[in-house]
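Contents: one structure, followed by commentary.
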Amino acid sequence: MNTLIQTDRFALSDAERSAIEHEMHHYEDSRAASIEALKIVQKHRGWVPDGASEAIGQVLGIPASDVEGVATFYSQIFRQPVGRHIIRVCDSMTCFVGGHENLLDSIKDQLGIVPGQTTADGRFTLLPVCCLGNCDKAPAVMVDDDTFGNVQPDCVAQMLEAYS
């Protein structure tokens, strides 16, 4: 039987609820499990829809406002739909000096979007990030969990080909 935790327009699936319940047992305080619970929902749906904070709060036994505070604090939790692949372009001072602007222009031209947008086919979302921790290889780009350093503008098309 499918039991759903449902709020106005949002319901946790059995798989999400089970994974959240499993995860919360690893923490002494269920509030600490809220980031993992948000990541579980995002893994299943690609993003964290409105209403998820309330449903997660019900499972964890904490106020929805606590979950919402975590969701809005962390930039890795997406509160709106994103593409299948997330491109993060470092715009730190080191990457800026290393050629960030030319690299970003190349990515924008290649995809036809600006930072904060998703391609029409839903393949890529382009996001700025303040540092990827790859300063010795500036400019740096991260696609999903893959980090690339010393990325030259003329290599963008080849780099993105691997992500269908």
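FYI, the numbering for the sequence shown is 9 to 172, going by this note's numbering. Beta carbons are placed, not taken as given, at the ideal position from N, Cα and C, and that holds for glycine. These numbers were taken from a predicted model, which means no experiment stands behind them.
Endpoints, alpha helix (DSSP H) assigned at residue i
| i | result |
| --- | --- |
| ASP22 | 22–32 |
| VAL75 | 72–81 |
| SER61 | 60–68 |
| SER42 | 42–53 |
| LEU168 | 164–169 |
Terminal residues of the beta strand (DSSP E) in which residue i lies
| i | result |
| --- | --- |
| ILE94 | 93–98 |
| PHE156 | 154–156 |
| VAL105 | That residue, VAL105, is in no beta strand (DSSP E); its alpha helix (DSSP H) goes 101–106. |
| VAL137 | 132–137 |
| VAL151 | 149–151 |
Residue from the options with nearest C-alpha to residue i
| i | options | result |
| --- | --- | --- |
| ASP152 | TYR35, GLN118, VAL97, GLU109 | VAL97 |
| CYS103 | GLN84, ALA148, ILE94 | ALA148 |
| THR80 | LYS47, TYR35, LYS51, LEU20 | LYS47 |
| VAL137 | PRO71, GLU36, ASP58, ILE95 | ILE95 |
| SER42 | ALA72, SER21, THR155 | ALA72 |
| GLY54 | MET32, ARG131, PRO89 | PRO89 |
| ARG131 | ILE85, SER61, LEU168, ALA23 | LEU168 |
| ASP162 | LEU119, LEU111, ALA146 | LEU111 |
| CYS61 | THR127, GLN125, ARG25, MET101 | In the sequence under discussion, the amino acid at residue 61 is Ser, which differs from the Cys named in the question. Answer by Cα proximity: ARG25. |
| ASP144 | HIS30, TYR35, MET101 | MET101 |
| HIS33 | ASP22, ASP154, VAL49, VAL67 | VAL67 |
| VAL78 | SER38, VAL105, GLY91 | SER38 |
Residue i (DSSP reduced to helix, strand or coil)
| i | result |
| --- | --- |
| THR126 | strand |
| ARG39 | helix |
| GLN118 | helix |
| LEU140 | coil |
Short Cβ contact (7 Å threshold) for residue i with residue j
| i | j | result |
| --- | --- | --- |
| LEU134 | PRO123 | yes |
| VAL75 | GLY65 | yes |
| ALA40 | ILE28 | no |
| HIS108 | ASP117 | no |
| GLY59 | ARG17 | yes |
| TYR171 | HIS93 | yes |
| LEU119 | THR127 | yes |
| ILE115 | VAL159 | no |
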